[in-house]
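Chemist: The sequence shown begins at 915 in this note's numbering and counts up one residue at a time.
Don't be surprised by glycine CBs; every beta carbon is placed ideally from N, CA and C.
Please find one structure pasted underneath; my questions will follow.
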Amino acid sequence: MKHISKYLLFICLFFTIESFAQSVKTENGLRSSYTGNSDYKIVQVDPGKGKKVKNVILMIADGMGLTHLSAAWVANNGKMNILDNCMHTGLSKTYCANKLITDSGAAGTAMATGHKTNYHCIGVNPEGNVLQSLTDLANNKGLSTGIVVTCGLTDATPATFCTNNIDRDREEEIALDYLSCNVDFIFGGGRNKFNMRSDNRDLMQEMKERGYQVCYSWQETQLAQEGKVFAVLEDGQLPLADERGDLFNRATQKALKNLAVNKKGFFTMFEGSRIDDCGHENDLFKLIPEIWDFDKTVGEVLKWAEKDGKTLVVILADHETGALTLTDGSLQKGEVTVNFANKGHSGIMVPVYSYGPQSNLFSGVMDNTDVFNKIKSILKL
915 MKHISKYLLF ICLFFTIESF AQSVKTENGL RSSYTGNSDY KIVQVDPGKG
965 KKVKNVILMI ADGMGLTHLS AAWVANNGKM NILDNCMHTG LSKTYCANKL
1015 ITDSGAAGTA MATGHKTNYH CIGVNPEGNV LQSLTDLANN KGLSTGIVVT
1065 CGLTDATPAT FCTNNIDRDR EEEIALDYLS CNVDFIFGGG RNKFNMRSDN
1115 RDLMQEMKER GYQVCYSWQE TQLAQEGKVF AVLEDGQLPL ADERGDLFNR
1165 ATQKALKNLA VNKKGFFTMF EGSRIDDCGH ENDLFKLIPE IWDFDKTVGE
1215 VLKWAEKDGK TLVVILADHE TGALTLTDGS LQKGEVTVNF ANKGHSGIMV
1265 PVYSYGPQSN LFSGVMDNTD VFNKIKSILK L
């Protein structure tokens, strides 16, 4: 009896300390319930009055639709940095050139280059011709550029800003393109595509020979000086949020510190990459912490932009993953119930949030290619 009492006490403590989730298969998909206990504090930033834009920060939450963000908002008792601080909101159409339902390759290419392309293409048009990205154009003008992601660097979204290929699955070829991308601050995972290759080349060493400070750990990244940085911390993707902690936030802050040295300004793309993986897995228990991690990072980025006064922040998804619907919940208890209708992407438009000078230009309904066009115009690239 004594042992049973201890067991029951342990169970009670577990559900008191930890968030609670459960999933049930239904005829229409997977119904999941989650009770959060995070209740992290959000920031409050001044909207600012300036109109001049020196820097642009594009933040992509891969696969995060409006219902994903809404679910995370409910689980955090009705508080989110994105929803409480962004000055303007729009909607982005995500279809690609040859399909209604896009992938991250085609969607990323649209935002990075301003061109619709075919499913699975990276930085090329439907005919396979190479396209210039925002990082290329910013670099040509003398601005600094950066990419920070929680996936592998040869994954679709970062690849669209740094490389060109007709097929996102050709990851060893994509890795080769990083040798000539000229992006100043590069941070992510996927080291095995650079130094465990079928051609036996060590691209990590080759990046070093091209003037990059090559980092294999966060400690090395943290100590990196001004100049080019190539930080690849894992053989595969970075761990999920519960394991990696606030690494994404620390990496974005390090990137901002390094890039801001350039008096001409910078363009950078920060991606919460693994939201998409959790959506594909229909795993609400992993999904919400990933969104929270992204939102916490948004909060710190907004604080940085507020202090700077000349930085535009644009936040959106490349597409929606999981065809998620929010079916029940409680703001007071942080309880949320959702239903996943599939394990792929959907064609639902995704919201666009913006903060800072000229953020009003990202209001209303737009094509995902307009993200490129607007940023290009604002930075006069």
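1) Just the C-alpha distance for Val957 and Asn995, rounded to the nearest angstrom, thanks.
2) What is the residue span of the alpha helix (DSSP H) that Gln1127 lies within?
3) At the level of alpha carbons, what is the spacing between Gly1261 and Ser1112?
4) Less than 7 Å between the C-beta atoms of Thr1008 and His1194, yes or no?
5) Which first and last residues belong to the alpha helix (DSSP H) in which Ala1145 is found?
6) Out of Lys965, Ala985, Gly950, which one is the CA nearest neighbour of Phe1254?
7) Are the Cβ atoms of Ala975 and Ile1189 separated by less than 7 Å?
8) What does a CB cutoff of less than 6 Å around Leu1152 pick up in its chain, not counting 5 residues either side in sequence?
9) Please determine, among Phe1144, Arg1105, Ile1289, the residue with the shortest C-alpha to C-alpha distance to Ile1229.
10) Measure the beta-carbon distance from Asn991 to Asp953 and round it to whole angstroms, keeping in mind my assumption that it falls under 8 Å.
11) Let me confirm a value: Leu1014 is counted as buried when at least 16 other C-beta atoms fall within 10 Å, else exposed. Which label applies?
12) Roughly how many angstroms separate the alpha carbons of Val1038 and Lys1200, rounded to a whole number?
13) Could you name the residues of the same chain whose beta carbon sits closer than 8 Å to that of Thr1239, not counting the 5 residues immediately before and after it, in chain order?
14) His1029 to Thr1077, Cα distance in whole Å?
15) Have a look at Leu1226 and Gly1042 and give me their C-alpha separation to the nearest angstrom.
16) Is DSSP giving His982 helix, strand or coil here?
17) Going by DSSP, name the residue or residues bridged to Ser1268.
18) Bridge partners for Phe1181 per DSSP, in chain order?
19) Among Pro1265, Val959, Ile971, Tyr948, which has the Cα closest to the Cα of Ala1166?
20) Give a yes or no on whether the C-beta atoms belonging to Ala989 and Val1250 are separated by under 7 Å.
21) Between which two residues does the alpha helix (DSSP H) holding Val1285 run?
22) Taking Ile1202 and Tyr948 to be in contact with their CB atoms under 8 Å, please state how far apart those CB atoms are, rounded to whole angstroms.
23) Go to Ile1202, then tell me how far its alpha helix (DSSP H) extends in each direction, as first and last residue.
24) Let me confirm a value: Lys968 is counted as buried when at least 16 other C-beta atoms fall within 10 Å, else exposed. Which label applies?
25) Could you tell me the distance, in whole angstroms, from the CA atom of Ala1052 to the CA atom of His1002?
Modeler: Short version:
1) Roughly 6 Å between the two C-alpha positions.
2) First-last for Gln1127: 1127-1129, but that is the beta strand (DSSP E), not the alpha helix (DSSP H).
3) Gly1261 and Ser1112: Cα-Cα distance of roughly 37 Å.
4) Going by C-beta atoms, Thr1008 is not nearer than 7 Å to His1194.
5) Annotation: Ala1145 is outside any alpha helix (DSSP H); the continuous beta strand (DSSP E) that includes it extends over 1143-1146.
6) Looking at the Cα atoms, Ala985 is the closest of the given residues.
7) Contact flag set, yes.
8) The residues are Thr1064, Gly1103, Arg1158.
9) Looking from the CA of Ile1229, the closest CA among Phe1144, Arg1105, Ile1289 belongs to Ile1289.
10) Taking C-beta atoms under 8 Å as the contact rule, Asn991 and Asp953 qualify, at a distance of about 6 Å.
11) Its Cβ having fewer than 16 others within 10 Å, Leu1014 is exposed.
12) Taking C-alpha positions only, Val1038 is separated from Lys1200 by approximately 33 Å.
13) Counting only residues of its own chain and dropping the five nearest sequence neighbours on each side, Thr1239 has a CB closer than 8 Å to the CB of Thr981, Val1252, Asn1253, Ala1255.
14) Each residue's alpha carbon lies about 15 Å from the other.
15) So the two alpha carbons sit approximately 32 Å from each other.
16) In this structure, His982 counts as helix in the three-state DSSP scheme.
17) For Ser1268, which the question treats as bridged, DSSP gives the partners His1002, Val1228.
18) Answer is Val970, Thr1059, bridged to Phe1181.
19) Looking at the sequence shown, residue 1166 is not Ala but Thr. That would be Ile971, whose Cα lies nearest to the Cα of Thr1166.
20) The criterion of a C-beta distance shorter than 7 Å is satisfied by Ala989 and Val1250.
21) Its alpha helix (DSSP H) spans residues 1282-1292.
22) Indeed, because the Cβ distance is near 6 Å, the residues count as touching under 8 Å.
23) 1198-1222 is the extent of the alpha helix (DSSP H) around Ile1202.
24) Burial of Lys968 is indicated by the presence of at least 16 other C-beta atoms within 10 angstroms of its C-beta.
25) Taking the CA atoms as reference points, Ala1052 sits about 25 Å from His1002.
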